[in-house]
Ligand SMILES: Cc1cc2nc3c(=O)[nH]c(=O)nc-3n(C[C@H](O)[C@H](O)[C@H](O)COP(=O)(O)OP(=O)(O)OC[C@H]3O[C@@H](n4cnc5c(N)ncnc54)[C@H](O)[C@@H]3O)c2cc1C
Ligand code: FES
Ligand code: FES
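Protein chains in written order, with my numbering: chain G, 1 to 165; chain C, 166 to 466.
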């Protein structure tokens, strides 16, 4: 019938494509491409159905759940998983300082959800943070430390204190 | 890595990603419902991830720029079928004129879901619990469907024919949704009653648009339109309620009246999320709350 299209996109600064074989079937979940084929195992699988946010990554700067994204839709996009954040991202520092990670399964998704928020709303309120992170479940921390970390990171990165970007 | 379907281990199903609507419609005409249209995949991938079967051939709509745009005119806004809930909620004209649509778009799952979920997918998935349909019903939206045979528009209120059945033909795609701006002196009231704010499927949701007539005497209902979710097999307008309220003074509408009218409009069920009796009584409460809000907005109460 119709052949699978040629497909290429940027993953954490590198190009992946069907031409060099780094992408297989277009129906492959972005989550599987990351973990099984690109060696980017920072992204976690929790529920596999969009409910938990453990698999969250940024596509063109917007938060998405990679378990619900077939790679066939990503032609020309820029994908950033936790490995693609700058090492000095103020969020990572703030999470560590606030004790916002315990088992750490939710942390990559939480950090990226927070990154997407701060890129849009540099000085969020607690309500903004709650809403932005509502799709990211954490079984360990009870959330309070996570919210604190995000608000701290916003302050750290505020005017005069340039953070990671 | 070889190109195999990750689920079946067989060669992948055909995957078609046209960049023009004409090409998409030709594919739809040729394969009809054998080719699955995909948009944000937030409904489809959940099913595909759960069932270990070979994926069907896919018609990916995500490269069609013409399906993604949001165009504001003088009297209405036309929202492309693949516009995301996030882009709808952020749109300045929608924010100014259609606040209930902003509210429903921002309740369509978490941020990560809203970024991918499309308005067209929310409609075409045809869940009776979907969040945007009640609002589209209350605002009197119209749908534009296209096929190689041409383009047609239909009232959204007539689109859902039965549980998970719509009036879309096998060769058609949903192209856009046109939402007229409401008249002056309207009160828009939308509530989703669920369990947890961001993600929960609604137990019941209602959107109401109540237009007042502020004549010499007490304010009366000139027009009232409603949309309900999770109180029947499809998203439901409430035509008998609308008829029964027309012309009544906003301060003189009682519970029994609303109950009677709604009994004819709604067909709630008992299910794991709630009971029929609870849903009926919440529906009446929501209507009364909308009427209260309209009365409070009137100059002479
Ligand atoms: C975790 C989670 C939470 C959710 N929460 C909510 C919620 O709170 N409220 C809510 O209403 N929904 C919710 N949903 C459901 C879903 O996100 C929405 O229904 C969404 O709008 C579907 O859009 P989509 O683009 O992702 O659809 P897809 O999955 O791409 O498609 C859905 C259906 O529509 C068809 N289709 C799509 N576009 C077209 C078109 N243009 N023409 C013809 N057919 C088309 C497809 O063939 C398919 O049958 C949730 C889903 C998940 C996974
Ligand atoms: S694994 Fe993707 S949202 Fe849970
Ligand atoms: S730290 Fe364990 S799930 Fe959040």
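Idealized CB from N, CA, C, for every residue including glycine.
Counting only the Cα atoms, residue 22 (chain G) lies some 12 angstroms from residue 28 (chain G). In terms of CA proximity to residue 458 (chain C), C:418 leads the group C:425, C:438, C:418, C:427. Residue 55 (chain G) has its Cβ no nearer than 7 angstroms to any heavy atom of ligand 3. When DSSP reads this structure, residue 351 (chain C) sits in a beta bridge with C:376. For the pair residue 85 (chain G) and residue 79 (chain G), the CB atoms are not nearer than the 8 angstroms cut-off. Using a Cβ-Cβ distance cut-off of 8 angstroms, the region 240-249 of chain C and the region 52-59 of chain G are not in contact, since fewer than three pairs of beta carbons, one from each stretch, lie closer than that value. For residue 65 (chain G), the pairing in a beta bridge is given by DSSP as G:56.
For residue 280 (chain C), the chain G residues whose Cβ falls inside 7 angstroms of its Cβ are 62, 63, 64, in order along the chain.
In this structure, the beta-carbon distance from residue 399 (chain C) to residue 328 (chain C) falls below 8 angstroms. One alpha carbon belongs to residue 206 (chain C), the other to residue 76 (chain G), and they sit about 18 angstroms apart. Near chain G, meaning a CB-to-CB distance below 9 angstroms, no residue of the region 415-427 of chain C qualifies. Residue 133 (chain G) and residue 317 (chain C) have their C-alpha atoms spaced approximately 41 angstroms apart.
In this structure the region 380-395 of chain C does not lie against the region 271-288 of chain C, because fewer than three pairs of beta carbons, one per stretch, are closer than 8 angstroms. Residue 289 (chain C) and residue 226 (chain C) have their C-alpha atoms some 13 angstroms from each other. Listed along chain G are 48, 49, 67, each with a C-beta nearer than 7 angstroms to that of residue 214 (chain C). Separation of residue 463 (chain C) and residue 283 (chain C) (C-alpha to C-alpha, rounded to the nearest whole angstrom) is 36 angstroms. Interface flag for residue 135 (chain G) against chain C is set, since a Cβ pair is found closer than 8 angstroms.
Under DSSP, no beta-bridge partner is assigned to residue 328 (chain C). Taken through DSSP and simplified to helix, strand or coil, residue 454 (chain C) comes out as helix. Taking non-hydrogen atoms of ligand 3 into account, the C-beta of residue 82 (chain G) is found less than 7 angstroms away from none of them. Taking a Cβ-Cβ threshold of 7 angstroms, the residues of chain C close to residue 56 (chain G) are 277, in chain order. By the criterion of a C-beta distance shorter than 7 angstroms, residue 189 (chain C) is surrounded in its chain by 183, 224, 226, 229, 338, once the five residues flanking it on both sides are discounted.
The beta-carbon distance between residue 429 (chain C) and residue 390 (chain C), rounded to whole angstroms, is 16 angstroms. This is too long to meet the 8 angstroms contact definition.
Taking the Cα positions, residue 135 (chain G) is about 15 angstroms away from residue 359 (chain C).
At a C-beta separation below 9 angstroms, residue 17 (chain G) has no neighbours in chain C, since its nearest C-beta there lies roughly 12 angstroms away. About 21 angstroms separates the CB atoms of residue 43 (chain G) and residue 90 (chain G); that is not less than 8 angstroms, and the two are not in contact. For the pair residue 64 (chain G) and residue 281 (chain C), the CB atoms are nearer than the 8 angstroms cut-off. According to the DSSP assignment, residue 269 (chain C) belongs to the alpha helix (DSSP H) that extends over 264-270. Beta-bridge partners of residue 78 (chain G) (DSSP): G:10.
Cβ neighbours of residue 448 (chain C) within its own chain (closer than 7 angstroms, five residues either side excluded): 369, 371, 393, 396, 427, 431. Between residue 263 (chain C) and residue 344 (chain C), the CB-CB gap stays under 8 angstroms.
Counting along the chain, no alpha helix (DSSP H) covers residue 203 (chain C); the unbroken beta strand (DSSP E) around it starts and ends at 201-203. Interface annotation, residue 207 (chain C): in contact with chain G, CB-CB separation under 8 angstroms. If you draw a 10 Å sphere on the C-beta of residue 125 (chain G), you find fewer than 16 other C-beta atoms in it, and that means exposed. Within chain G, the residues 49, 50, 68 have their CB atoms less than 8 angstroms from the CB of residue 211 (chain C), given in chain order. Nearest to residue 357 (chain C) by C-alpha distance, out of C:251, C:332, C:300, is C:300.
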